[in-house]
Amino acid sequence: MSTLTREPTTVAGGVGTSAPRPDGVLKVSGEFAYSSDLWADEMLWGATVRSPHPSAEIRAVDITGALAVPGVYAVLTAADVPGAKRYGLEIVDQPVLAVDEVRYEGEPVALVAADHPETARRAAARIKVEYAVRAPVTDPEEALSRGDLVRHVPVHRFASAGGDALTADVVVTGTYEVGMQDQAFLGPESGLAVPAEDGGIDLFVATQWLHVDQKQVAACLALAPEQVRLRLAGVGGAFGAREDLSMQVHASLLALHTGKPVKMVYGREESFFGHVHRHPARLEYEHGADRTGKLVYVKARIVLDGGAYTSSTPAVVANAATLGVGPYDVPTVVVDAYGVYTNNPPCGAMRGFGAVQACFAYESQMDKLAAAIGVDPVEVRRRNAMTTGSVMPTGQIVSGPAPVEELLSLVRDRPLPPEATGDPRERPGGVANTTRGEGVVRGVGYAIGIKNVCFSEGFDDFSTARVRLSVLGGEPAVLVHTAAAEVGQGLVTVQAQIARTELGVSQVTVATADTSVGSAGSSSASRQTYMTGGAVRAACQAVRATVLERTGRADALSLVDGKVVASDGSVVASLVELLGEGDVEETVEWRHKPTMPLDPVTGQGDAHVQYAFAAHRAVVDVDTELGLVRVVEIATAQDVGKAVNPQAVVGQIQGGTAQGLGLAVMEEIQVVDGVIRNPSFTDYLIPTILDMPPMEVDVLERGDPDAPYGLRGVGEPPTISSTPAVVAAIRAATGLALTRVPVRPDHIALAP
Amino acid sequence: MRVTCVVNGETRQADDVWPGESLLYVLRERLGLPGAKNACEQGECGSCTVYLDGLPVCACLVAAGQADGRTITTVEGLAPGTGEEQLDRVQRAFLATGAVQCGFCTPGLIVAVHDLLARDPAPTDPDIREALAGNLCRCTGYEKIMEAVRLAATS
Numbered sequence: 001m002s003t004l005t006r007e008p009t010t011v012a013g014g015v016g017t018s019a020p021r022p023d024g025v026l027k028v029s030g031e032f033a034y035s036s037d038l039w040a041d042e043m044l045w046g047a048t049v050r051s052p053h054p055s056a057e058i059r060a061v062d063i064t065g066a067l068a069v070p071g072v073y074a075v076l077t078a079a080d081v082p083g084a085k086r087y088g089l090e091i092v093d094q095p096v097l098a099v100d101e102v103r104y105e106g107e108p109v110a111l112v113a114a115d116h117p118e119t120a121r122r123a124a125a126r127i128k129v130e131y132a133v134r135a136p137v138t139d140p141e142e143a144l145s146r147g148d149l150v151r152h153v154p155v156h157r158f159a160s161a162g163g164d165a166l167t168a169d170v171v172v173t174g175t176y177e178v179g180m181q182d183q184a185f186l187g188p189e190s191g192l193a194v195p196a197e198d199g200g201i202d203l204f205v206a207t208q209w210l211h212v213d214q215k216q217v218a219a220c221l222a223l224a225p226e227q228v229r230l231r232l233a234g235v236g237g238a239f240g241a242r243e244d245l246s247m248q249v250h251a252s253l254l255a256l257h258t259g260k261p262v263k264m265v266y267g268r269e270e271s272f273f274g275h276v277h278r279h280p281a282r283l284e285y286e287h288g289a290d291r292t293g294k295l296v297y298v299k300a301r302i303v304l305d306g307g308a309y310t311s312s313t314p315a316v317v318a319n320a321a322t323l324g325v326g327p328y329d330v331p332t333v334v335v336d337a338y339g340v341y342t343n344n345p346p347c348g349a350m351r352g353f354g355a356v357q358a359c360f361a362y363e364s365q366m367d368k369l370a371a372a373i374g375v376d377p378v379e380v381r382r383r384n385a386m387t388t389g390s391v392m393p394t395g396q397i398v399s400g401p402a403p404v405e406e407l408l409s410l411v412r413d414r415p416l417p418p419e420a421t422g423d424p425r426e427r428p429g430g431v432a433n434t435t436r437g438e439g440v441v442r443g444v445g446y447a448i449g450i451k452n453v454c455f456s457e458g459f460d461d462f463s464t465a466r467v468r469l470s471v472l473g474g475e476p477a478v479l480v481h482t483a484a485a486e487v488g489q490g491l492v493t494v495q496a497q498i499a500r501t502e503l504g505v506s507q508v509t510v511a512t513a514d515t516s517v518g519s520a521g522s523s524s525a526s527r528q529t530y531m532t533g534g535a536v537r538a539a540c541q542a543v544r545a546t547v548l549e550r551t552g553r554a555d556a557l558s559l560v561d562g563k564v565v566a567s568d569g570s571v572v573a574s575l576v577e578l579l580g581e582g583d584v585e586e587t588v589e590w591r592h593k594p595t596m597p598l599d600p601v602t603g604q605g606d607a608h609v610q611y612a613f614a615a616h617r618a619v620v621d622v623d624t625e626l627g628l629v630r631v632v633e634i635a636t637a638q639d640v641g642k643a644v645n646p647q648a649v650v651g652q653i654q655g656g657t658a659q660g661l662g663l664a665v666m667e668e669i670q671v672v673d674g675v676i677r678n679p680s681f682t683d684y685l686i687p688t689i690l691d692m693p694p695m696e697v698d699v700l701e702r703g704d705p706d707a708p709y710g711l712r713g714v715g716e717p718p719t720i721s722s723t724p725a726v727v728a729a730i731r732a733a734t735g736l737a738l739t740r741v742p743v744r745p746d747h748i749a750l751a752p
Numbered sequence: 001m002r003v004t005c006v007v008n009g010e011t012r013q014a015d016d017v018w019p020g021e022s023l024l025y026v027l028r029e030r031l032g033l034p035g036a037k038n039a040c041e042q043g044e045c046g047s048c049t050v051y052l053d054g055l056p057v058c059a060c061l062v063a064a065g066q067a068d069g070r071t072i073t074t075v076e077g078l079a080p081g082t083g084e085e086q087l088d089r090v091q092r093a094f095l096a097t098g099a100v101q102c103g104f105c106t107p108g109l110i111v112a113v114h115d116l117l118a119r120d121p122a123p124t125d126p127d128i129r130e131a132l133a134g135n136l137c138r139c140t141g142y143e144k145i146m147e148a149v150r151l152a153a154t155s
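First to last, the protein sequences are chains R and S.
Under full-length UniProt numbering, the first residue of the first sequence carries the number 1, and numbering increases by one thereafter.
Under full-length UniProt numbering, the first residue of the second sequence carries the number 1, and numbering increases by one thereafter.
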């Protein structure tokens, strides 16, 4: 069930409607071509040799055994990388193939191309790598003391000049831990590299940002960027895991060496080593408040384990620091967030990064504060809720809508779900029939979170759109072309909706994203509807202006249903007539308002573009004897500014909430001494349909005047607060402190 | 080895099949039917669900040789014809409810729901959840998949 308040729209399939996905029919009929579905004549298969050790010197690599396998076409090591030996999103530090050492388990060391995937795997197993194993650094605190720092972001703000002593009537403290979560997209890392006649490469891949891949791949291959042409293949989910390169350079290297198309498809186990994960974190918090619960100060120290290479750790640290007190007014803030290098798996982008870890800690603290002053958890949050005009710990003023109190009220005021029916499938333990209701206690918990939308800290964040208006079969038609990655979120749908609204034309095609058009930036940071939506709108407006010029009339004109209409409503001309002079095409590069870097000492600065908010209420049944949790219902309220596609918005909220539930009670990559112990869907558990409860959603539309159509990024906020809401509900049922996620059965059943 | 089977109503033959190949690999890489998906290849995610002699199976767990002489229906074979109007009611319901995001789980789920509704035309919510417990979806949180099944059951 969803409730939406939105203004009526006059354009069928336009902005504000639940227009259907243009790729939907292909997806339900099995004909949509994902990156693992591609095929070419004479195609070879690539395989990767990976380090079994989290830290080792490489003494020697003997490839002769692999080369002797019939059907093998190439075996490559670091020496065969013609260009840059390393790549990276911002810091270039990750080897394409290991150079003299490996720094995490699963680091790629060598590549094989063969005529069958099994031949490639068997040949890979015959490559002998001589390692001198070193003791891995796996404790982030040890890494910090050794100086293996990626970034320290201090955010220090004081209510009065000269700094304040951190004292208050009520002080609550806590130390919290967040485990390493995997994005667990279903479509594995995969793609097809085809050598081109110009010596370059055509690369068909699933990624989040074609142009940042292009830049890195070209550098490693020692090619000009225009010789590396990327086209987006079907993407089976992303959630941050496709921000960094995986098989892109590897398949291209093999294709260039063999002169044949090379396909690489990771299996699920390899996928756990093939992408970065969510940073595990340790968070120490101290909240000071007056006797009414009004916050006086928050002090926090956050340590995020970045693993072996940099990836997007610098931005994750900045998010944790700048969003570290949550959507609350806090006069004095002393937050220090650190990202460190270890020999654990590299960590980087995952939905809500930085904000997810902090939210678990600050919302746990808010519940502690509520208990300390004797008010209910929603009330203590309402007393501190930020509003429009509030000042962030960075000194940035929250200029857009910030309906924090309203979102909390919405989830609180929803009717609670009924008691369990007695169907054993609706009890903790489910069909395992582990209880008949004895020992089962219900709990309710709340949380709210904050997330920045778009790229921050002065990054030159833009998107490019090319829009062409022409006549097809006697009807006006629009072609929208961007490089923005559709990863499942519905961006292709939204682009077409915007074109319909802006140009009054129903027939809109969105071209497959590729690098023949300018960069759209990443499908990350909840930014694409804002950024590429903004670019498509701007390009459509430019097209409209050109078309209207052709009428030679100055009276305010608009485009409606394929016609040019004057301000008095009369039809001036049909688009088909005006387009007789030729097609109209415009390309626009569009930017959001600029942001500023953070002051490196104080963490002050207008670093973020937009803030987004979601609140959750979770209801759980806990079998307190066995420690089994069943989430009974989750209610979410989120402000989306403008629901450009209401059905897709609700889908994002529910899907994001599910990933937060996973982190709360199920999902953790278990790393012991730098080694992943559970790289499979047998042992890394993501929520099934039995684990997910009904999800009630309230969508608020408080338009942001700075954003296209007033919209607000949607994808990340629901992932942020669902985790602490579920844990708060378990605490309410059990009375336990539960300072670590995911909460495991033994945390409950074996609690002292 | 040679594998011959009836796939989506047509007799199909694959030659030079390595005995270690799965039915999933033969369908995807040898018979040009990539609809069944390769998300885990260990029977945990259900994205490769197809009918084998009328029963839903994970194609990744069926050895290619086991499929010899059998009848297989994949997601590509559920609709009686091509085009949106010809889609099966389950496929239409997934589209109408927004149950498709990235879509990687969709083919397997559609086969699983098709099978559920053939066995039980009016499943309760707990029945639906139990029947689909072997199909992972990472995008939707399953709410819209529940809506799709309820809609398909009544259409």
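C-beta: ideal position from N, C-alpha, C; glycine also.
Just so we're clear, the structure is a prediction, and the values are computed from it rather than from any experiment.
In this model, residue 302(R) and residue 663(R) are separated by some 18 Å (Cα to Cα). Note: residue 48(R) is bridge-paired with 111(R) in the DSSP secondary-structure output. Residues of chain S whose Cβ lies closer than 8 Å to the Cβ of residue 690(R) are, in chain order, 129, 130, 133.
Residue 19(S) counts as exposed, since fewer than 16 other C-beta atoms from the protein chains shown sit within 10 angstroms of its C-beta.
Rounded to whole angstroms, residue 89(R) and residue 243(R) show a C-alpha spacing of 8 Å. Between the alpha carbons of residue 685(R) and residue 32(R) lies a distance of about 27 Å.
Residue-level contact by beta carbon holds for residue 34(R) and chain S, with a gap shorter than 8 Å.
As computed with DSSP, residue 339(R) is found in a beta bridge with 151(R), 304(R). Only residues of its own chain outside the window of five on either side were considered, and among them 116, 117, 131, 149, 153 have a CB closer than 8 Å to the CB of residue 123(S), listed in chain order. In the same chain as residue 666(R), and ignoring 5 residues on each side of it, the C-beta atoms closer than 6 Å to its own belong to 685, 742, in chain order. Between residue 118(R) and chain S, the shortest Cβ-Cβ separation is below 8 Å. Under the DSSP assignment, residue 411(R) falls in the alpha helix (DSSP H) whose first and last residues are 404-413.
For the stretch 686-713 of chain R, the residues whose beta carbon sits under 8 Å from a beta carbon of chain S are, in order, 686, 687, 688, 689, 690, 692, 694, 695. About 6 Å separates the Cβ atoms of residue 638(R) and residue 718(R), confirming a contact at the 8 Å cut-off.
As a beta-bridge residue in DSSP terms, residue 72(S) pairs with 7(S), 52(S). The C-beta distance from residue 464(R) to residue 518(R) rounds to 3 Å, short enough to meet the 8 Å contact threshold.
Close to residue 147(S), with beta-carbon spacing below 8 Å, lies no residue of chain R; the smallest spacing is near 10 Å. Under the DSSP assignment, residue 509(R) falls in the beta strand (DSSP E) whose first and last residues are 508-510. Rounded to the nearest whole angstrom, the C-alpha separation of residue 509(R) and residue 43(R) is 31 Å. Only 104, 105, 106, 107, 110 from the stretch 104-115 of chain S bring a Cβ to less than 7 Å from some Cβ of chain R. Under DSSP, residue 85(R) shares a beta bridge with no residue. Rounded to the nearest angstrom, the gap between the Cα atoms of residue 114(R) and residue 75(R) is 9 Å. Judged by pairs of C-beta atoms under 8 Å, the stretch 298-315 of chain R does not touch the stretch 109-123 of chain R, as fewer than three such pairs exist.
Taken through DSSP and simplified to helix, strand or coil, residue 59(R) comes out as strand.
In the three-state reduction of the DSSP assignment, residue 94(R) falls in the strand class. For residue 610(R), the enclosing beta strand (DSSP E) starts and ends at 610-623. Sixteen is the threshold: since fewer than 16 other Cβ atoms of the shown chains lie within 10 Å of the Cβ of residue 1(S), the residue is exposed.
In the displayed model, residue 386(R) falls within coil according to three-state DSSP, outside both helix and strand.
Shortest Cα-Cα distance from residue 385(R) to any of 432(R), 398(R), 276(R) involves 398(R).
The C-beta of residue 186(R) comes closer than 8 Å to at least one C-beta of chain S. By the rule that beta-carbons nearer than 8 Å mark a contact, residue 613(R) does not touch chain S.
In this structure, residue 369(R) places its C-beta atom within 8 Å of the C-beta atom of residue 293(R). Relative to the Cα of residue 627(R), the nearest Cα in the group 448(R), 440(R), 533(R), 460(R) belongs to 440(R). Among the residues facing chain R, residue 119(S) is not included, as its CB has no counterpart in that chain under 8 Å away. Taking 4 residues as the minimum length, the alpha helix (DSSP H) runs contained wholly in the stretch 195-253 of chain R are 210-221, in order along the chain. Residue 256(R) has its alpha-carbon roughly 45 Å from the corresponding atom of residue 358(R).
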